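Working notes for the structure below.
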Amino acid sequence: MQPKPPIDFEERCRGAVLGLALGDALGAPHEGGPIERLLWRWIGSTRDGRRRFTDDTQMALDLADSLLRCGKVDQDDLAKTFAGSYRWSRGYGPAAARVLKRIRSGRDWREANRSVHRTGSFGNGGAMRAPIVGVFFHAQPENLVTAARQTAEVTHAHPLAMDGAAMIAVATSAALAGADARTLLDRARQVATQPEYAERFAIAADWLTANAPVSPRDVRARLGMGITALASCVTALYLAGRFRDQPFEAMLAFTAAAGGDVDTVSAMAGALWGAANGAAKLPAAAIARLEAAEQIDAVARQLVAAARV
Ligand code: AR6
Ligand code: MG
1026 MQPKPPIDFE
1036 ERCRGAVLGL
1046 ALGDALGAPH
1056 EGGPIERLLW
1066 RWIGSTRDGR
1076 RRFTDDTQMA
1086 LDLADSLLRC
1096 GKVDQDDLAK
1106 TFAGSYRWSR
1116 GYGPAAARVL
1126 KRIRSGRDWR
1136 EANRSVHRTG
1146 SFGNGGAMRA
1156 PIVGVFFHAQ
1166 PENLVTAARQ
1176 TAEVTHAHPL
1186 AMDGAAMIAV
1196 ATSAALAGAD
1206 ARTLLDRARQ
1216 VATQPEYAER
1226 FAIAADWLTA
1236 NAPVSPRDVR
1246 ARLGMGITAL
1256 ASCVTALYLA
1266 GRFRDQPFEA
1276 MLAFTAAAGG
1286 DVDTVSAMAG
1296 ALWGAANGAA
1306 KLPAAAIARL
1316 EAAEQIDAVA
1326 RQLVAAARV
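So the sequence shown is residues 1026 to 1334, counted in this note's numbering.
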């Protein structure tokens, strides 16, 4: 067999950012129950017929924007940036929506982020944007985990949510460096502080090692397809590993068949898959139909330039 040509760093970073947005936009029509799916049929396309992205990509773009402007994690700037972009039609989580509206009306994020749930949100909203941290801080491994936690904390202060962000950020960074599926999972496992994650990591590791033909239903039952970080982050890590050498579309079809929070699991898995395989391997026709694909790609290129500093 011919050895595979190495994938260039920029190509992988663009793959991570575009993979996130594509997973989000292609997963969105399959998310949630019948009401959410019906609503997305109404608002899921732009006027020029492209597939709209949801809050996952919006927050990822906001995070990139803030990091590029500030050159570091500035939580005050981040809170302002997230809140300024909030639109109900992007499908934000209910608690996240309330937190962002409160920040926009002038409340300090340090208080707003614990004003809906006292312990802070344990939704997957902090993790879904964390691939951006993995790209931006790729050359600063000593700062990566703290940075990921800080970017989550602004809206998702619960330790499970901050763990999810750290896990997805280090896994993205590992994928950019060409790590294999088990290494990616192990890196993520090492940064999880909450014991609740342990069982899911063990299951995912067993399945990846055995190359087990697990069904979408079993993935949902054992790893989760939920809106919490706990019920989605290990799932994304597992799927990105399992489908690493298969087409992006095959991974997305599997995620859609599993149901639940399809767009966010697909966004996280899509970013990891893109970081491993590079942007050129993403389906070109789908990128051409993605809302703001050109701007998203431009942001990815700016992140690459910043990450190399
Ligand atoms: N206690 C009880 N329930 C909670 C808690 C808590 N501490 N934290 C979260 N929940 P949210 P997200 C429940 O709203 O994480 C969108 O489609 C609560 O029901 O912060 O930003 C995104 O794209 C809360 O509403 O949202 C994601 O796919 C829910 O978890 C998804 O929603 C989600 O937390 C989650 O986004
Ligand atoms: Mg979502």
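All C-beta atoms, glycine included, are put in the ideal place defined by N, C-alpha and C. On a predicted model such as this, the values are computed, not experimentally measured, just so you know.
Give every residue of the same chain whose Cβ lies closer than 6 Å to the Cβ of ARG1269, excluding the five residues on either side of it in the sequence, and list them in chain order. Only ALA1206, ALA1301 meet the Cβ criterion.
Under the assumption that ALA1164 contacts ALA1190 (Cβ atoms under 8 Å), give the Cβ distance between them as a whole number of angstroms. Not a contact, Cβ separation roughly 19 Å.
In chain order, which alpha helix (DSSP H) runs of at least 4 residues are fully inside the region 1152–1196? Runs of the alpha helix (DSSP H) inside the region 1152–1196: 1156–1161, 1166–1178.
Top-ranked residue by Cα proximity to VAL1324, from ALA1041, ASP1033, PRO1031: The residue among ALA1041, ASP1033, PRO1031 with its C-alpha nearest the C-alpha of VAL1324 is ALA1041.
Using beta-carbon positions only, say whether GLN1271 and GLN1175 come within less than 8 Å of one another. Not a contact, by the Cβ cut-off of 8 Å.
What does the Cβ neighbour count give for ARG1326, buried or exposed, with the cut at 16 atoms within 10 Å? Exposed, since its Cβ has fewer than 16 Cβ neighbours within 10 Å.
With DSSP as the reference, please indicate the residues paired to LEU1315 in a beta bridge. Partner(s): ARG1076.
Just to confirm the assignment, what range does the alpha helix (DSSP H) spanning GLU1061 have? 1059–1068 is the extent of the alpha helix (DSSP H) around GLU1061.
Among ARG1154, ARG1139, ASP1090, which has the Cα closest to the Cα of TYR1117? Measuring from the Cα of TYR1117, the nearest candidate turns out to be ARG1154.
Just to confirm my understanding: we take ARG1037, look at its own chain, exclude 5 residues before and 5 after, and list those with CB closer than 6 Å. What are they? Sequence-distant Cβ neighbours of ARG1037 in its own chain, meaning closer than 6 Å and more than five residues away, are LEU1201, ALA1300, GLY1303.
In whole angstroms, what is the alpha-carbon distance linking ARG1214 and ARG1314? Approximately 35 Å between the Cα atoms of the pair.
Where does LEU1064 land, buried or exposed, given buried means 16+ other C-beta within 10 angstroms? By the 10 Å Cβ count, LEU1064 comes out exposed.
Distance, Cα to Cα, PRO1220 vs ASP1073? When rounded, the separation of the alpha-carbon atoms in PRO1220 and ASP1073 is 47 Å.
Please say whether ALA1261 and LEU1297 have beta carbons closer to each other than 8 Å? Taking 8 Å as the Cβ cut-off, LEU1297 and ALA1261 qualify as a contacting pair.
C-beta atoms of GLY1150 and ALA1121 nearer than 8 Å: The answer is yes: Cβ separation under 8 Å.
Straight-line Cα distance separating LYS1105 from ASP1211: For the pair ASP1211 and LYS1105, the Cα-to-Cα distance works out to about 34 Å.
Any non-hydrogen atom of the ligand AR6 within 7 Å of ASP1033 CB: No, the Cβ of ASP1033 stays beyond 7 Å of every heavy atom of the ligand AR6.
So is SER1198 buried or exposed if we call it buried at 16+ other beta carbons inside 10 Å? Buried, since its Cβ has 16 or more Cβ neighbours within 10 Å.
My understanding is that LEU1277 touches GLY1052, with C-beta atoms under 8 Å, so please give their C-beta distance in whole angstroms. With a Cβ gap of about 7 Å, LEU1277 and GLY1052 count as contacting.
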